[in-house]
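These notes concern the structure reproduced below.
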Amino acid sequence: MTKKYAYFPGCSLEKMARSYHESAMETTRALDVELEEIEDWNCCGATTYFNIDELLANTLCARNLAIAEQAKLDVVAPCSGCYKNMHSARKHLKHEPDLMDHINVALAEDDLRFTGTSEVRHLLDVLVRDVGLDEVKKRVRRPLTGLKVAPYYGCQILRPRKDHEDVESPRFFEDLMSAIGADPVEYRLKLRCCGGALLITNREAALSLVRNLLENAVQSGAALIATACPLCQVNLECYQKQVNSEFGTDLNVPVLYFTQLVGLALGIPAGKLGIGSELVSVTPALASAGNGGGGR
Amino acid sequence: MTTQTMEKKLDFIGEINNLLYASTSNPLSSCIQCGTCSGTCPVAAGGFMSHTPRRIISMIRANRKDETLRANTYWYCASCYQCTVRCPRGIDIAELMYALKRYSIWKTEYGKDLIGPTFSETFVQTIMKSGRSYEPVLATTYLFSFGFQDMLQEAATATGLMLKGRMPLLPPRIKRLENFKRMVRKIVPVEEK
Chain A
15 MTKKYAYFPG CSLEKMARSY HESAMETTRA LDVELEEIED WNCCGATTYF NIDELLANTL
75 CARNLAIAEQ AKLDVVAPCS GCYKNMHSAR KHLKHEPDLM DHINVALAED DLRFTGTSEV
135 RHLLDVLVRD VGLDEVKKRV RRPLTGLKVA PYYGCQILRP RKDHEDVESP RFFEDLMSAI
195 GADPVEYRLK LRCCGGALLI TNREAALSLV RNLLENAVQS GAALIATACP LCQVNLECYQ
255 KQVNSEFGTD LNVPVLYFTQ LVGLALGIPA GKLGIGSELV SVTPALASAG NGGGGR
Chain B
23 MTTQTMEKKL DFIGEINNLL YASTSNPLSS CIQCGTCSGT CPVAAGGFMS HTPRRIISMI
83 RANRKDETLR ANTYWYCASC YQCTVRCPRG IDIAELMYAL KRYSIWKTEY GKDLIGPTFS
143 ETFVQTIMKS GRSYEPVLAT TYLFSFGFQD MLQEAATATG LMLKGRMPLL PPRIKRLENF
203 KRMVRKIVPV EEK
């Protein structure tokens, strides 16, 4: 049976992380998950909005959630930042009826009303828990056998704690990688921050965080890093050259979205998964796994 | 007849505790200064912060407002929430950092070498105008504060992304933008510039 969700792509997936959007759509379709894009969604506020005004930040999230509520669907976000913002806003507003009323006065300007009925989920969690690892495994056509992949959780998919999940030693990302036949490597910094927006506001600090992460993954045997967040992907991949020139390192490790890897294993051609838009080529790593993706 | 007077004005820790209203944090007075936050913070570990998170909390409790406002700590917080999930006293330290960012913007007393405040304000203005974020506009807020070499590197990265079709050329905007702007004005009742 097809499972249906309200899909919140978020600003990054419009362009910078287009491949995440493309691979999310292809992969979910192949797994009988229907993602219906939230009509006329707005920015979730990113990490930046809360620096300025909390009430406005919560209003931005509430608007998206209210649109999803009209469709009577739970919300799925592929970006960890959007996921965390909307999840926290929902929890907070449900807890504070006065604030919810206040925000609803504003939402009425767009003929909307937030009540908190739609849950907020991360796309990775939907694949792991709603589709299920057994189901994913069953549908694998081209297992990524031998591909040493470092599953990178990053921060906001786990933190702050959303429910009762394990925030210290989660395994769900590793389990998903194993389900598609890949070989997840163990490395110390899998939950460590990529620097997030510090790449802009404190470049020196962020580049050093990126360096530590990449070196730790590579030294632990990773041929590829898998991410579940567009900001992590951009920081870890697109800033590798800058890390190399800053620290004299020689890093050259590809970084793909988990949806691209799952898609490849399901037999979806690489071109349809947005593979080829990387700044660090994935071809050698995928070839080593005997999975070139079957062309475009 | 005695004259009723208002309660005396809040001290610094009271002001900051109030700003944490929206989070489920315990008050800062419950901090035991164990240093788990500082030990777990990836940015503090790299030595990039003027004061560690533990020290910021002790400064707030000691009513050292000026010193707190001069610190770069909260502007260098990446919002990774590692401190929040590990604090044994249940203080939401990452939310405290957000609260301090807002506080320092109101006071406009942040360090002038910081990129964070201007970047944040431009980000919000971009969203107010179009409903969505647009990287090229944001870049103008920080590129000029970069050194020459850093700026060249940043331009090279941007060019690489553009060649791969990953840079937006036109700013996106939502369809019901007029409704959206009216919604925003219900929260912040000021006219647009």
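Chains A and B, in that order, give the protein sequences. Numbering-wise (our numbering), the first sequence opens with residue 15 and increments by one. Numbering-wise (our numbering), the second sequence opens with residue 23 and increments by one. Every residue gets a Cβ at the ideal spot worked out from N, C-alpha and C, and that includes glycine.
TODO: For valine 145 of chain A, name the three-state secondary structure that DSSP assigns.
DONE: One-based indexing of the first sequence puts residue 145 of chain A at position 131. In this structure, DSSP gives valine 145 of chain A a helical state, which the three-state scheme calls helix.
Task: Pair within 8 Å by beta-carbon distance, phenylalanine 99 of chain B and methionine 81 of chain B - done: Stepping through the second sequence from its first residue, residue 99 of chain B is reached at position 77. Stepping through the second sequence from its first residue, residue 81 of chain B is reached at position 59. Here residue 99 of chain B turns out to be cysteine, not phenylalanine, going by the sequence shown. For cysteine 99 of chain B and methionine 81 of chain B, no; Cβs fall outside 8 Å.
Task: Same chain, Cβ closer than 8 Å to glutamine 168 of chain B, neighbours up to 5 away in sequence not counted - done: Indexing the second sequence from 1 puts residue 168 of chain B at position 146. For clarity, residue 168 of chain B is phenylalanine in the given sequence; the question names glutamine instead. Glu176, listed in sequence order.
TODO: Kindly list, in the order they appear in chain B, the residues whose Cβ is closer than 9 Å to that of cysteine 169 of chain A.
DONE: On the first sequence, position 155 is the one that residue 169 of chain A refers to. Within 9 Å Cβ-Cβ: Ala100, Ser101, Cys102, Tyr103 and Gln104.
- [ ] Report yes or no: is there a C-beta of chain A within less than 8 Å of the C-beta of proline 158 of chain B?
- [x] Here residue 158 of chain B is taken as the residue at index 136 of the second sequence, counted from 1. With its beta carbon at least 8 Å from every one in chain A, proline 158 of chain B lies outside the interface.
- [ ] Quick one: list the residues of chain E neighbouring glutamate 123 of chain A, beta-carbon separation under 7 Å, in chain order.
- [x] Absence of chain E from the displayed structure is noted, the protein chains being A and B.
- [ ] Answer yes or no: do glycine 130 of chain A and leucine 161 of chain A have a C-beta to C-beta separation smaller than 8 Å?
- [x] On the first sequence, position 116 is the one that residue 130 of chain A refers to. On the first sequence, position 147 is the one that residue 161 of chain A refers to. No, the pair does not count as a contact, with Cβ atoms beyond the cut-off.
TODO: Measure the C-alpha to C-alpha separation of tyrosine 132 of chain B and glycine 209 of chain A and round it to an integer number of angstroms.
DONE: Translated into the one-based positions of the second sequence, residue 132 of chain B becomes position 110. Translated into the one-based positions of the first sequence, residue 209 of chain A becomes position 195. Going by the C-alpha atoms only, they are around 21 Å apart.
Task: Collapsed DSSP secondary structure at valine 210 of chain B in the structure displayed - done: Translated into positions along the second sequence, residue 210 of chain B becomes position 188. Assigned with DSSP and collapsed to three states, valine 210 of chain B falls in coil, not helix or strand.
TODO: Give a yes or no on whether the minimum CB-CB distance between isoleucine 289 of chain A and chain B is below 8 Å.
DONE: Translated into positions along the first sequence, residue 289 of chain A becomes position 275. Taking 8 Å as the threshold, the shortest C-beta distance from isoleucine 289 of chain A to chain B does not fall below it.
Task: Proximity test, Cβ basis, 8 Å: methionine 30 of chain A and chain B - done: What you label residue 30 of chain A is simply residue 16 of the first sequence in a count that begins at 1. Output row for methionine 30 of chain A: interface = yes.
Open item on the list: Can you tell me whether histidine 178 of chain A is helix, strand or coil according to DSSP?
Closed with: For the purposes of this step, residue 178 of chain A is taken as residue 164 along the first sequence, with counting starting at 1. Here histidine 178 of chain A sits in coil by DSSP.
TODO: Consider the Cβ of isoleucine 196 of chain B: report whether some Cβ of chain A lies at a distance smaller than 8 Å.
DONE: Within the second sequence, numbered from 1, the residue matching residue 196 of chain B stands at position 174. At least one chain A Cβ lies under 8 Å of isoleucine 196 of chain B.
Task: Beta carbon of alanine 240 of chain A nearer than 8 Å to that of leucine 158 of chain A - done: Indexing the first sequence from 1 puts residue 240 of chain A at position 226. Indexing the first sequence from 1 puts residue 158 of chain A at position 144. Between alanine 240 of chain A and leucine 158 of chain A, the C-beta spacing is not below 8 Å.
Open item on the list: Taking the straight line between their C-alpha atoms, what separation do you get for lysine 197 of chain B and aspartate 54 of chain A?
Closed with: Position 175 of the second sequence, counted from the start, is the residue given in the question as residue 197 of chain B. Position 40 of the first sequence, counted from the start, is the residue given in the question as residue 54 of chain A. Each residue's alpha carbon lies about 6 Å from the other.
- [ ] Put arginine 135 of chain A into one of helix, strand or coil per three-state DSSP.
- [x] Within the first sequence, numbered from 1, the residue matching residue 135 of chain A stands at position 121. It is a strand residue.
Task: Selection from A:Cys246, A:Ala303, A:Gly195 and A:Ala299 that minimises the alpha carbon distance to proline 92 of chain A - done: As a first step, residue 92 of chain A is located in the first sequence; it is residue number 78 there, counting from the start. Nearest option by C-alpha distance: A:Cys246.
Open item on the list: For arginine 111 of chain B and serine 52 of chain B, which I take to be in contact (beta-carbon distance under 8 Å), what is that distance rounded to the nearest angstrom?
Closed with: Translated into the one-based positions of the second sequence, residue 111 of chain B becomes position 89. Translated into the one-based positions of the second sequence, residue 52 of chain B becomes position 30. About 5 Å separates the beta carbons of arginine 111 of chain B and serine 52 of chain B, which is inside the 8 Å limit, making them a contact pair.
- [ ] May I have the straight-line CA-CA distance separating histidine 116 of chain A from tyrosine 43 of chain B, to the nearest angstrom?
- [x] Position 102 of the first sequence, counted from the first residue, corresponds to residue 116 of chain A. Position 21 of the second sequence, counted from the first residue, corresponds to residue 43 of chain B. Taking the straight line from one Cα to the other gives about 16 Å.
Open item on the list: So lysine 255 of chain A and threonine 179 of chain B are supposed to be a Cβ contact under 8 Å. How far apart are they, rounded?
Closed with: Looking up residue 255 of chain A in the first sequence gives position 241. Looking up residue 179 of chain B in the second sequence gives position 157. So it is a contact: roughly 7 Å between Cβ atoms.
Open item on the list: Taking the straight line between their C-alpha atoms, what separation do you get for methionine 173 of chain B and alanine 242 of chain A?
Closed with: To locate residue 173 of chain B, count along the second sequence from 1; it is residue 151. To locate residue 242 of chain A, count along the first sequence from 1; it is residue 228. Taken atom to atom, the span from the alpha-carbon of methionine 173 of chain B to that of alanine 242 of chain A is near 28 Å.
Task: Rounded separation between asparagine 216 of chain B and lysine 30 of chain B - CA only - done: Outside the displayed range of chain B (23 to 215) lies residue 216 of chain B, so it cannot be described from this structure.
TODO: Less than 8 Å between the CB atoms is what I'm expecting for methionine 189 of chain B and lysine 204 of chain A, so what's the real figure, rounded?
DONE: Indexing the second sequence from 1 puts residue 189 of chain B at position 167. Indexing the first sequence from 1 puts residue 204 of chain A at position 190. With a Cβ gap of about 29 Å, methionine 189 of chain B and lysine 204 of chain A do not count as contacting.
- [ ] Could you tell me whether the Cβ atoms of glutamine 274 of chain A and serine 94 of chain A are closer together than 8 Å?
- [x] Within the first sequence, the letter at position 260 stands for residue 274 of chain A. Within the first sequence, the letter at position 80 stands for residue 94 of chain A. In this structure, glutamine 274 of chain A keeps its C-beta atom at 8 Å or more from the C-beta atom of serine 94 of chain A.
Open item on the list: Only counting the same chain, and skipping five residues up and downstream in sequence, which positions put a Cβ closer than 7 Å to that of phenylalanine 186 of chain A?
Closed with: Position 172 of the first sequence, counted from the start, is the residue given in the question as residue 186 of chain A. Closer than 7 Å at Cβ, skipping near neighbours: Val142.
- [ ] Take glycine 309 of chain A and list the residues in its own chain whose beta-carbon comes closer than 8 Å to its own, dropping the five residues that flank it on each side.
- [x] Here residue 309 of chain A refers to the residue found at position 295 of the first sequence. Legend: pLDDT at glycine 309 of chain A = 45, less than 50; position of this residue unreliable, no value from coordinates given.
Open item on the list: Just verifying my parser: in three-state terms, what is the DSSP assignment at asparagine 230 of chain A?
Closed with: Your numbering for residue 230 of chain A matches position 216 in the first sequence. Residue state, collapsed to three classes: helix.
Open item on the list: Just to confirm, is the Cβ distance from aspartate 177 of chain A to asparagine 201 of chain B under 8 Å?
Closed with: Here the question's residue 177 of chain A lines up with position 163 in the first sequence. Here the question's residue 201 of chain B lines up with position 179 in the second sequence. Contact flag unset, no.
Task: Residue-level contact to chain B via CB, arginine 310 of chain A, 8 Å cutoff - done: Within the first sequence, residue 310 of chain A is the residue found at index 296, counting from 1. Since pLDDT at arginine 310 of chain A reaches only 44, below the 50 mark, its modelled position is unreliable, and no value is offered.
Task: Sequence-distant residues of the same chain with beta carbon closer than 6 Å to tyrosine 201 of chain A, five excluded per side - done: Reading the first sequence from its first residue, position 187 is the one you call residue 201 of chain A. The answer, listed in chain order, is Ala164, Asn230, Ala231 and Ser234.
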